[in-house]
Every structure is written in structure tokens, then in C-alpha cells.
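Student:
Number of protein chains: 2
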Amino acid sequence: MSTQREPMARFHSIIPAGGIGSRLWPLSRASAPKFLHDLTGSGQTLLQDTWDRLTPLAGRDRILVVTGKVHKSAVLEQIEDLSTDNLVLELSPKDSTAAIALAAAILVKREPDVIVGSFAADHVIAEDEQFRETVREAVEVAATGKIVTIGIEPTEPSVGFGYIKAGENLGIAGAPNARDVARFVEKPNIAKARKYVESGDYLWNAGMFIAPAALLLEQLAKTEPELHAALLKIAEAWDTEDRKTVMAKVWPKLKKVAIDYSVAEPAAAAGLVAVVPANFSWHDVGDFAAIAELQSQGRRGNLAVLGNAKVLADSSSGILVSDTDRLVALIGVEDIIVVDTPDALLVTTKEHAQRVKNLVDALRTTGHEDVL
Amino acid sequence: MSTQREPMARFHSIIPAGGIGSRLWPLSRASAPKFLHDLTGSGQTLLQDTWDRLTPLAGRDRILVVTGKVHKSAVLEQIEDLSTDNLVLELSPKDSTAAIALAAAILVKREPDVIVGSFAADHVIAEDEQFRETVREAVEVAATGKIVTIGIEPTEPSVGFGYIKAGENLGIAGAPNARDVARFVEKPNIAKARKYVESGDYLWNAGMFIAPAALLLEQLAKTEPELHAALLKIAEAWDTEDRKTVMAKVWPKLKKVAIDYSVAEPAAAAGLVAVVPANFSWHDVGDFAAIAELQSQGRRGNLAVLGNAKVLADSSSGILVSDTDRLVALIGVEDIIVVDTPDALLVTTKEHAQRVKNLVDALRTTGHEDVL
């Protein structure tokens, strides 16, 4: 390239909008996954919040959404400014590598020096401007030829997130906080989590990646050459009349693999990954207990209420999530989780919120797909 | 009377089918009170169970049902054998004296020497034949000129029932267990209840009365002369074409008073009340905790299930009452009470089951009559 553009001028966001969120059943369904719901009481869905968080970075024309084709109309309805050029529809779920790397491959064809940033559609971030400052710093680092992740400074020894072990400061101009990534670590047990937090070198892995699209694809080519070749084939046809034919032929056979395994971890081992530590509040809203914590509006005493339910609560605490207009009465139930939807009702406690996933698995194996 | 009939030949049952059962909200409603529900999992409603328990005593033509006019079609649908001659419809709820004494007054006009037995439509009795044996004994006692009640031998120091203090055995032929009633006592505290049970002289007041109708009305005339006169006026017109006119004029002004206060207690003080002790299992199904205990069918582990809900329960105990076809998932909730109806959902615990009544009161004062 003769004239190199400024890093932020090369930036383009990707929003992979997938994942059912089994731990949020029966609110979150295959037909209405987590990102299509307002889980914070903000009045907007998580997808809309994510969109609004990203538009100031590079404008509303530089955000590409990857989602299942079954969610096409819901996504276009929720995001009025999304053009179909920036909507990638998956024929079936193929995990994060296929979603993000296809988006990167489509964008790199349109714009060879593009720097992509991938941000999940269903995470909650309170301080949007701090988030954007961190992304801008990450884009500077990415422009030096790195795959950059954002690491959240832990506020507690959570066992619900993976961690990033940060190494030396990289000393990059315009990115004073950027550090090398020593390695990624899986969700720890509580003892390890405590050690991580005490050490000060471990950050929560928020699953955000910022990198030159070409570098990301180059790394993928090394670890998953077949998947890489298949995705390039689709990208080649994407902006042509062959898109549908090629997708139908290639997509169903794609390997399912998380981008953490296909790109992030191998690249970290090769010394190619950097991290920008951040201390904005972030949550992946993994279960209803998390929603109860996040709820900013609708609190009645110690009871968080999401939805428009008429509620009568007496000596009760926890969270009520309502997707109906039924009256809900709670008496003397503490740390309760009640999720009221038209065809399914869940009653559990904050303590058991994680077990909802097991229940969904049980529903699947007992032939209750109709409510999943 | 020249030739006195045998006591059982004079017997006629009355079923006062009233009382919403506020502690069973939202299952039990003004429009669908307790007695119209199957609360035992027997496959029949409490009213149907009561009817079937009574028919062997004197036949299906000798049972009179008193209920609100709004329940007319539901009652006639549930009890196919009930003739409209034996159906007394109240224009509005006027408590137990009006219901039972009007029935007695109507019957005494048809049959001057009738002995009536009043049995609530919403109580649960397991041993029907034992019940009938007790009633037959009570009828023998009633024929000697007594108002007879049935006292249940307590199995625990319940604070949920009133008690009857029994006196001397009356030594009546054909009624070897019948005793004098010293007095009726209100629901006690737990300390008193323990003393009552230890003494052996106290029985649970099951609210059943067996007496010559003429004696019952004579007692009412002494304590509530106006109410007595008004009821006689209605009874006089009952089997004539004036019924509707007289009801419309007289019924709305009737005094509301429980028969315990208007007849039973004053008559006991006058030495006119006897009790037949009984040890069949009896329950007035006062709240959902009681239903959980009574549930004989539909148990899944420690969870009692009433209704046709699809249920997935994991480490949960208590009771689920379902009036919908929604799937209900319970995870890690113990001693829980979940009542799922089309327009209202209740979640509480066995411990707090009695507080449902307060909630219903709160609903009434906050303008939620539509779900009551």
C-alpha cells in the first residue's frame, strides 16, 4: 500500500449476534435469543444497546451484523439503520470462527487494509465512552500488526469468565496501556480465581477482538486451512450473484470451532496478541442471577422486575422476568427467580441460576423442543 | 304427630356451597370458588365428592344444595342428579345462618319432622363410610331433641381449627359415643392447642350440624328473631309463584351472621348441643399447604402436582397447582407453592401459605378485582 490510512479510518465493527443463551430460558429461545431482549430495563434490547455503543466509533455504515437467517426480520426491525449490505445471514449456527472470519473475509475484499473489531451482541457495558476509548487504543495497537483483545480488570474472583494473563507493556505510542498477552486461561475454580485477582496480572476475557482482518485470516489459515479456504470461497462470491449458490454449497460443511481456539490462543502462543486493560463495567449476562444484579430500573424493594407484569410482592426478593401481562404475586420467597412467559414458567433461586442450562438440555432430550 | 318416623327416615342433607376460599387464590375465585375444584387429585371436585359421600345416607333426592346464583350452571353441570327443587340459589352471600336456616325452613315446610344435616361443600374426608356411620349416630341423637355436631379427634395441636369441649356421655341408645357439648372454643394459640389435645376432651369443630329443622329454627328465633322471621317469610313463598318477588324483597336485607354465633354457641350454653366424636380423617383445606398434604396422586418425588401441567422439577419440593397447559420448570426450590392460572401466578412457600388471604385483601383494595 502506498499511502497508509490512519488506524481509526480503517476500522469496521462486526457484531456476531448468535447464541441462544440457554441459561436464560424460558425468556431466551432459539426463536428469540438473548440479544433480542431488553435484559437491563434500558428500554432497548442488548443488540440495540450494542449498536448504539458502536456507531460513534466509525459511523453507522461501518458496522456489520452476523446473525442466523431466522433472525433477519427481528434484527432489521430492531436496527433501522442497518443496510442489508452490512447484514451477513448464517444458514445455521457454526460457532464464532465461521461468523467472525467470514465477516472479516467479506470486509477485507471490500477494503484490503480494514481493521475489524468483533463485539458480541449480548453483552452489557455501562460506560459506553470508556469502552470506545479502549477500542480506539486497541485499534492503534492492531495497526502495529497485532490481534488485540480487551481485558476487563476483575472486580471479584469470578469463576464464570475466562481470564487473560497480561505480560509486558508494549510501549506503543497512542496506546499507553497495551500489554502483551502471555496466555488465555479457561474459567478457573474459586481458589485459582482468587490468586488471579490478587496477582493483578489477570484480566477477564470479554471475548472482544480487534485486528487487521488480513492478519486474523492469516492466523486462521495456519490453524484451520480448510475452514479458511471455505470462508474465502464464500467471501469471494458474497458481493456477486453467486452468493446464494456458494453459501448453500459451502456453509453446511463448515467446521464449528470457537475463535478462541482457532485464532486467539495459537496467536497468543506465537506472541501476536496484545491486550488493552479496561475498567468499564462489563457483563456477559450469563444467567438470571446476573440480570438481577444488572437491573437498574423497576426495583420494588429487593425485587427486580423486568417486563410489564403487574406485581404484588410481600417479603420477597430476587428477580421477576415477565413476558406476559399476568398478575404475579410473590409471598415470602427470597432470592427467587421467576420467569413468566406465555408457554413456559421457570421458578428457581439465584443460587441455582446456572442449572437452568441443564434443564434446557433435559427438555431437549425429553422431546420438549417446542418450548426451546 | 301420631306416628313418629324412624330417625334416618326423617333425614335430609343440606350442602351449603359458599365461601370463596381466599387462601386458595388464584385457583379459587369469586367466579370459581374452592368447592368447584378438584383439590385432592380424585378426579372429582370437592362438591362432587361431598355429594357422593352423602347420597348413600338418604338417597339423591334428599340432598339440598344452597349456593350463589352465579354458580347455578356450574353446580348443575357438576351434579347431574340434582333437581332444581333441591337447589336454593342465594342472590348474594349472607353467611352461614341465612344459607342453612333458609334450607331448614324450606324443608320443614315440606316435611315438618325433618332432621337436617349440614355439611360444607368444600371439606375433604377420606373415609366416607366412617363419616356416614357417624352421621347416622348423630341423627339418632338429634331425634332426642338435640342439635348435634361432629367433633374430629385431633391428630395434632392445630391452630387452624376451632375446638369443641366435650362433656359427659349422653347414654343414648344407638349413639354410644355421643357426649354433651360443654362449649365451643375459637381457634387457639399453639400452647392452648397443645393443652386441648393432651386433655382428650377437646375435638376439632368440623362445622357440621345435625338437628331437627324445627329445633334449629326455634333456637334461631330466640337469638335472631328478625332474621328468623325474614327467612320464614321466604320459606313460606319458596314453593309458590311468589318465590322470586319475596326473595328480591327480603334477601338483600338479611343479616350476615355465622351459624356458630346465631345457633350453635347459644344452644350449647343452654345445654342443647351434643357431639359425636369421630376419627375419620377430615380437612377443611384452608390453604395450599393443606392441599400439598392431602394430595394423593400426581406426586413426583416430594412435589405434589395438581392439574395437567407438564412439569420438570429438579431438587424441588412442595406443590404445583396448574390451571393452564404451560410447561412449568422448578429448580432447587423447596417447600414451594406455585399456582399457575391463565391470568394470575402465585409463588409462595408452605410456611407462608396462610398469608395468601392478606394478599387477596391487598388486591381488593388496590383495584385488582378482575383477578379475584
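Residue numbers (the working numbering), protein chains in the order written: chain W, 14 to 385; chain R, 14 to 385. The beta-carbon is built from N, C-alpha and C at its ideal position, and this holds for glycine as well. Every value quoted in this text rests on a predicted model; they were computed, and no experiment measured them.
How many angstroms separate the CA atom of Gln310/W from the CA atom of Ser131/W?
Tutor: Reading the first sequence from its first residue, position 297 is the one you call residue 310/W. Reading the first sequence from its first residue, position 118 is the one you call residue 131/W. Low confidence applies to Gln310/W: its pLDDT is 46, below 50, so where it sits in the model is not reliable, and the reading given next is rough at best. Gln310/W and Ser131/W: Cα-Cα distance of roughly 29 angstroms.
Student: Using C-beta distances below 6 angstroms, list every residue in its chain close to Thr80/W, excluding the 5 sequence neighbours before and after it, in chain order.
Tutor: Taking the first residue of the first sequence as 1, we reach residue 80/W at position 67. Excluding sequence neighbours, Thr80/W sits near Ala30, Val88.
Student: Identify the contact partners of Gly345/W in chain R, using a Cβ-Cβ distance below 7 angstroms as the criterion.
Tutor: If you number the first sequence from 1, residue 345/W lands on position 332. Taking a Cβ-Cβ threshold of 7 angstroms, the residues of chain R close to Gly345/W are Thr361, Thr362, Glu364, His365, Arg368, in chain order.
Student: For the stretch 277-290 of chain W, enumerate the residues whose C-beta is nearer than 9 angstroms to any C-beta of chain R, in chain order.
Tutor: none
Student: Assuming Lys268/R contacts Glu237/R under a Cβ cut-off of 8 angstroms, what Cβ separation, rounded to an integer in Å, is found between them?
Tutor: As a working note, residue 268/R is residue 255 in the second sequence. As a working note, residue 237/R is residue 224 in the second sequence. Rounded, the Cβ-Cβ distance is 7 angstroms, consistent with contact.
Student: Which of the residues in the stretch 346-358 of chain R, read from start to end, lie with their CB under 7 angstroms from any CB of chain W?
Tutor: Along the stretch 346-358 of chain R, going in chain order, the ones with a CB nearer than 7 angstroms to a CB of chain W are Val346, Ile349, Val351, Asp353, Asp356, Ala357, Leu358.
Student: Any idea what DSSP makes of Ile33/R, helix, strand or coil?
Tutor: Position 20 of the second sequence, counted from the first residue, corresponds to residue 33/R. Here Ile33/R sits in coil by DSSP.
Student: Got a sec: is the Cβ-Cβ distance from Gly311/R to anything in chain W below 8 angstroms?
Tutor: Here residue 311/R refers to the residue found at position 298 of the second sequence. Caution applies to Gly311/R, whose pLDDT of 47 falls short of 50 and renders its modelled position unreliable; the value that the coordinates give is listed next. Not one chain W Cβ lies under 8 angstroms of Gly311/R.
Student: Using a C-beta to C-beta distance shorter than 9 angstroms, which residues of chain R count as neighbours of His381/W?
Tutor: The residue labelled residue 381/W in the question sits at position 368 within the first sequence. Going along chain R in sequence order, the residues near His381/W (Cβ under 9 angstroms) are Lys323, Leu325, Leu340.
Student: How big is the Cα-Cα spacing for Arg368/W and Thr162/R?
Tutor: Your numbering for residue 368/W matches position 355 in the first sequence. Your numbering for residue 162/R matches position 149 in the second sequence. Answer to the nearest angstrom: the Cα atoms are 53 angstroms apart.
Student: For the candidate residues Gly56/W, Trp251/W, Thr379/W, whose alpha-carbon lies nearest to that of Val121/W?
Tutor: As a working note, residue 121/W is residue 108 in the first sequence. Val121/W has its Cα closest to that of Trp251/W, out of Gly56/W, Trp251/W, Thr379/W.
Student: Any beta-carbon of chain W closer than 8 angstroms to the one on Val384/R?
Tutor: Here residue 384/R refers to the residue found at position 371 when the second sequence is read from its first residue. Answer yes: the Cβ-Cβ gap between Val384/R and chain W drops below 8 angstroms somewhere.
Student: Any idea if Asn99/W is buried or exposed, counting beta-carbon neighbours within 10 angstroms, 16 or more meaning buried?
Tutor: On the first sequence, residue 99/W is found 86 positions in, with the first residue counted as 1. Asn99/W comes out buried.
Student: In this structure, how does DSSP classify Gly311/W when only helix, strand and coil are distinguished?
Tutor: Position 298 of the first sequence, counted from the start, is the residue given in the question as residue 311/W. Here Gly311/W scores only 47 on pLDDT, less than 50, and its place in the model is too uncertain to base an answer on.
Student: Tell me where the beta strand (DSSP E) around Leu40/R begins and ends.
Tutor: Counting from one through the second sequence, the residue named residue 40/R turns up at place 27. Unbroken run through Leu40/R: none, as it is neither H nor E.
Student: Going along the chain, which residues of its own chain have a beta-carbon closer than 7 angstroms to the beta-carbon of Gly56/R, five neighbours each way excluded?
Tutor: In the second sequence, the residue the question calls residue 56/R occupies position 43. None.
Student: With a threshold of 7 angstroms on Cβ separation, who are the neighbours of Thr378/W within its own chain once the five nearest residues in sequence on each side are excluded?
Tutor: For the purposes of this step, residue 378/W is identified with residue 365 of the first sequence, where counting begins at 1. Around Thr378/W: no qualifying Cβ.
Student: Between Pro40/W and chain R, is the shortest Cβ-Cβ distance under 8 angstroms, so that the two count as touching?
Tutor: Taking the first sequence and counting its residues from 1, the one referred to as residue 40/W is at position 27. Pro is not the amino acid found at residue 40/W; the sequence shown has Leu there. Judged by the 8 angstroms Cβ criterion, Leu40/W is not in contact with chain R.
Student: With respect to the beta strand (DSSP E) encompassing Phe144/R, which residues constitute its N-terminal and C-terminal limits?
Tutor: Mapped onto the second sequence, residue 144/R falls at position 131. No beta strand (DSSP E) holds Phe144/R; the alpha helix (DSSP H) holding it covers 141-155.
Student: Check for me: the alpha helix (DSSP H) holding Val259/W runs from which residue to which?
Tutor: By one-based count along the first sequence, residue 259/W stands at place 246. Here the alpha helix (DSSP H) through Val259/W covers 256-263.
Student: Apart from the five residues on each side of it in sequence, which residues of its chain come closer than 6 angstroms, Cβ to Cβ, to Gln17/W?
Tutor: Indexing the first sequence from 1 puts residue 17/W at position 4. Answer for Gln17/W: no residue qualifies.
Student: When you compare each of Ser105/R, Leu316/R, Phe301/R to Asp51/R by their alpha carbons, which one comes out closest?
Tutor: Mapped onto the second sequence, residue 51/R falls at position 38. Nearest C-alpha to Asp51/R: Phe301/R.
Student: Quick check on DSSP: helix, strand or coil for Ile92/W?
Tutor: Along the first sequence, read from residue 1 onward, the residue named residue 92/W stands at position 79. Ile92/W sits in coil when the DSSP states are folded into three classes, being neither helix nor strand.
Student: Span of the alpha helix (DSSP H) holding Val373/W?
Tutor: Within the first sequence, residue 373/W is the residue found at index 360, counting from 1. Val373/W -> alpha helix (DSSP H) spans 369-378.
Student: Determine the closest residue to Val129/R out of Ala155/R, Ile138/R, Ile33/R, with distance taken between C-alpha atoms.
Tutor: Counting from 1 along the second sequence, the entry for residue 129/R is found at position 116. The shortest Cα separation from Val129/R among Ala155/R, Ile138/R, Ile33/R belongs to Ala155/R.
Student: Are the C-beta atoms of Leu372/W and some chain R residue less than 8 angstroms apart?
Tutor: As a position in the first sequence, residue 372/W is number 359, starting the count at 1. Interface residue, yes.
Student: Do Arg372/W and Ala322/R have their CB atoms nearer than 8 angstroms?
Tutor: Taking the first residue of the first sequence as position 1, residue 372/W is located at position 359. Taking the first residue of the second sequence as position 1, residue 322/R is located at position 309. Reading the sequence as shown, one finds Leu at residue 372/W and not Arg. No, they are not a contact pair.
Student: Quick one: complete alpha helix (DSSP H) runs, 4+ long, within the stretch 66-118 of chain W?
Tutor: 85-91
Student: Kindly indicate the opening and closing residues of the beta strand (DSSP E) around Thr362/W.
Tutor: Locating residue 362/W in the first sequence gives position 349, counting from the first residue. Element bounds for Thr362/W: 357-362.
Student: Taking the continuous beta strand (DSSP E) assigned at Arg192/W, which residues delimit it?
Tutor: The residue given as residue 192/W occupies position 179 in the first sequence. Taken as a continuous stretch (DSSP letters only), the beta strand (DSSP E) holding Arg192/W covers 192-198.
Student: Give a yes or no on whether 8 angstroms exceeds the smallest Cβ distance from Leu376/W to chain R.
Tutor: For the purposes of this step, residue 376/W is taken as the residue at position 363 of the first sequence. Yes, because at least one Cβ of chain R sits closer than 8 angstroms to the Cβ of Leu376/W.
Student: Quick check on the burial criterion: 16 or more other C-beta atoms within 10 angstroms. Buried or exposed for Pro46/W?
Tutor: Reading the first sequence from its first residue, position 33 is the one you call residue 46/W. That one is buried.
Student: Evaluate contact between the stretch 234-248 of chain W and the stretch 138-152 of chain W, counting only Cβ atoms and requiring at least three cross-stretch pairs below 8 angstroms.
Tutor: no
Student: Rounding to the nearest angstrom, what Cα-Cα distance links Leu333/W and Ile349/W in this structure?
Tutor: On the first sequence, position 320 is the one that residue 333/W refers to. On the first sequence, position 336 is the one that residue 349/W refers to. Each residue's Cα considered, the two are about 8 angstroms apart.
Student: For Gly187/R, which residues of its own chain have a beta-carbon under 6 angstroms away from its beta-carbon, when the five flanking residues on both sides are left out?
Tutor: Here residue 187/R corresponds to residue number 174 of the second sequence, with the count starting at 1. Answer for Gly187/R: Glu153, listed in chain order.
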